[in-house]
Amino acid sequence: MINKIFDIAHIDLINTKINYQSLEILKNTIYPSKNDEAKTYIIDDRIIFCCGINLISQGVGHCWVVPSVYVNKYAKSFYKEIKKLLDEYCLKMNIHRIQTSIQEPFVNWIERLGFHQESVLEKITFDKKDEFLYVKFY
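Residue numbers (my numbering): 23 to 160.
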């Protein structure tokens, strides 16, 4: 698996697995600033996923992942790379709390990464679905 420095243009190239309201809204949500970290993972010239951490406040980060339709084929590598990225970036960015919002189908996956549910975000998506706020402490 090749990892590259994330470029917001990668979002336009990814064949997303999740139905987002629009790619423009997604890009505006995740666009990394100079204090954030992000990577794009590629296999066989296909973007498998993009992920990163946005610094919310000192010591607190928000993790985001945009998986492609190809991610299931590389599930073990995907899990391993996400875990490595979180551990490395949290250390590098001096983060003690990392959080993410996640939909129901991905709950088991995020829990395997050591996150636990903190709350329910009711009707937070464009189509009024609930998401869950998950956190992990370092």
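Even for Gly, the Cβ is constructed at its ideal location relative to N, Cα and C. These figures come from a predicted structure and were not determined experimentally.
8 Å or more divides the Cβ of residue 136 from the Cβ of residue 115. In this structure, DSSP gives residue 94 a helical state, which the three-state scheme calls helix. When DSSP reads this structure, residue 131 sits in no beta bridge, so it has no partner. Taking 8 Å as the cut-off, the Cβ atoms of residue 101 and residue 132 do not count as close. Looking at the DSSP output, residue 158 shares a beta bridge with 120. Taking a contact to require three or more Cβ pairs closer than 8 Å, the stretch 97-112 and the stretch 138-145 do not qualify as touching. Rounded to whole angstroms, the Cβ separation of residue 88 and residue 72 is 5 Å, and the two are in contact under 8 Å. In the structure shown, residue 71 falls within a strand segment according to DSSP collapsed to helix, strand and coil.
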